[in-house]
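Participant: Just passing along the structure, written as structure tokens.
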Amino acid sequence: MEILDNILKEFDIEYLQCKTMEECNALRVKYLGKSGKVTEALKEIKNVPNDEKKAYGESVNKLKVLIEGRISDLNVKLEEEAYQKELEDMERVDLTVPAKESRGSLHPITITQHKIEEVFKSMGFIIEDGNEIETEYNNFEAVNIPKNHPARDMQDTFYLANGQVLKTHTSARQNYIMRKYGAPLKAIFPGRCFRNEELDASHENTFFQLEGMMIDKDISISNLIYFMKTMLSSVFGREVKVRLRPGFFPFVEPGFELDCSCPYCGGSGCGVCKRSGWIELCPCGMIHPKVLEMGGIDPNEYQGFAFGLGLSRMAMMNFEINDIRVLNGGKLKTLKSAHTK
Ligand code: FA5
4 MEILDNILKE
14 FDIEYLQCKT
24 MEECNALRVK
34 YLGKSGKVTE
44 ALKEIKNVPN
54 DEKKAYGESV
64 NKLKVLIEGR
74 ISDLNVKLEE
84 EAYQKELEDM
94 ERVDLTVPAK
104 ESRGSLHPIT
114 ITQHKIEEVF
124 KSMGFIIEDG
134 NEIETEYNNF
144 EAVNIPKNHP
154 ARDMQDTFYL
164 ANGQVLKTHT
174 SARQNYIMRK
184 YGAPLKAIFP
194 GRCFRNEELD
204 ASHENTFFQL
214 EGMMIDKDIS
224 ISNLIYFMKT
234 MLSSVFGREV
244 KVRLRPGFFP
254 FVEPGFELDC
264 SCPYCGGSGC
274 GVCKRSGWIE
284 LCPCGMIHPK
294 VLEMGGIDPN
304 EYQGFAFGLG
314 LSRMAMMNFE
324 INDIRVLNGG
334 KLKTLKSAHT
344 K
């Protein structure tokens, strides 16, 4: 019995000195482990005289329960203290402090789109939205590209199980807008387009175009040239010249490729314009009578021009980005550096 008293006294001293979970665990092993002091005292029962065995057994068990209880309480206390300390040491984030990072900004394509929209809005054009998924009719037939027409090969796209397509060009909205507003009409309609393309620095499978259409009486190519020249001079912030070359698109007649004088070198030749002084910018033309007719507009009474600007490529020029894949890449660092140019 004296041995048991001594074990408890010794335990009490060590117990008070125990400050960490590791020390607490060492204490448990020292007293309750396989060769621990209490375990050894339990084993000792075999050497105790028979008439004292019962009292000894009760006492050593009491001691075991007492020490187990204290160690368990100590464990809970130390665990709580360790958790509190961890919380105190933790790096704190004050969500109310203004962020050190600079604020986000609009995407170069959006900025370019807004600039162009502002110019056309000031010239009385309305801005329309478009679908990304279109019927084959709107994307092809309504712009005079019937089934099996070779022009479909130039705009291979992604076909959905229900027969609809991811639109290949913003021209897919022409028919809807003609039917919605009738003539006369001045509208631009930017949108995301999709093509099954070989990717390179100037071709993406997902890119943006901005389409424009003006329909009225006595509209001619001169109107087209005037509006394009005004818009481009405003977006590039300097006077540019435009020129037209013949181009084929089934939905315009005549059709053109519009070039503008290089806004960087002013036409003298530089890396951007590949020393030619001109940049190929946007296909356009006078709307084909059949397309007007399909849009519910009488081609004998009205004429119109349409253009399909490559908005992604325009943004590249505007921000001096030399690879189109940067625009969809989502690398903020690259996009940010484009902003600072
Ligand atoms: C068209 O898409 C015609 N719908 C444009 C049009 C509208 C002509 C109205 C006449 C009247 P094109 O396939 O050339 O035409 O595309 C127009 C512009 O979109 C191109 O000049 C180019 O800037 C851009 N573009 C075309 N394909 C891609 C592509 N894969 N990646 C990035 N930009 C592209």
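In terms of the numbering used here, the sequence shown opens at residue 4 and continues consecutively. For every residue, glycine included, the Cβ atom is placed at its ideal position computed from N, Cα and C.
For residue 248, report the span of its beta strand (DSSP E) as first-last.
Facilitator: It spans 245-249 - the beta strand (DSSP E) in which residue 248 sits, taken as one unbroken run.
Participant: How far does the alpha helix (DSSP H) with residue 14 in it extend, from its first residue to its last?
Facilitator: 5-20 is the extent of the alpha helix (DSSP H) around residue 14.
Participant: Among residues of its own chain, excluding the 5 on either side of residue 215, which ones have a beta-carbon nearer than 6 Å to its beta-carbon?
Facilitator: Excluding residues within five positions, the ones whose Cβ falls inside 6 Å are 191 and 310.
Participant: Which of helix, strand or coil does DSSP assign to residue 278?
Facilitator: Residue 278: coil per DSSP, three-state reduction.
Participant: How many angstroms separate the CA atom of residue 298 from the CA atom of residue 101?
Facilitator: Between residue 298 and residue 101, the C-alpha separation is close to 53 Å.
Participant: Relative to the ligand COA, is the shortest distance from any of its heavy atoms to the C-beta of residue 122 smaller than 7 Å?
Facilitator: No copy of the ligand COA occurs in the structure displayed; its ligands are the ligand FA5 alone.
Participant: Measuring alpha carbon to alpha carbon, tell me which of 238, 198, 286 and 264 ends up nearest residue 321.
Facilitator: Checked all of 238, 198, 286 and 264; the closest Cα to residue 321 is 238.
Participant: Quick check: the stretch 166-176 against the stretch 106-123, are there 3 or more CB pairs under 8 Å?
Facilitator: No, they do not touch.
Participant: Measuring CA to CA, which of 57, 81, 124 and 4 is closest to residue 24?
Facilitator: Taking only the C-alpha atoms, the option nearest residue 24 is 81.
Participant: What are the residues that DSSP puts in a beta bridge with residue 197?
Facilitator: Answer by DSSP bridge pairing, in chain order: 209.
Participant: So the candidates are 11, 294 and 20; which of them puts its Cα closest to the Cα of residue 178?
Facilitator: Residue 178 has its Cα closest to that of 294, out of 11, 294 and 20.
Participant: Taking only three categories from DSSP, how would you classify residue 3?
Facilitator: Nothing about residue 3 can be reported from this structure: the residues present for the chain run from 4 to 344 only.
Participant: So, at 6 Å on beta carbons, what are the nonlocal neighbours of residue 332 in its own chain, with the 5 sequence-adjacent residues on each side left out?
Facilitator: Cβ within range, chain order: n/a, list empty.
Participant: If you reduce the DSSP assignment to three classes, tell me which class residue 285 lands in.
Facilitator: Of the three classes helix, strand and coil, the one that applies to residue 285 here is strand, per DSSP.
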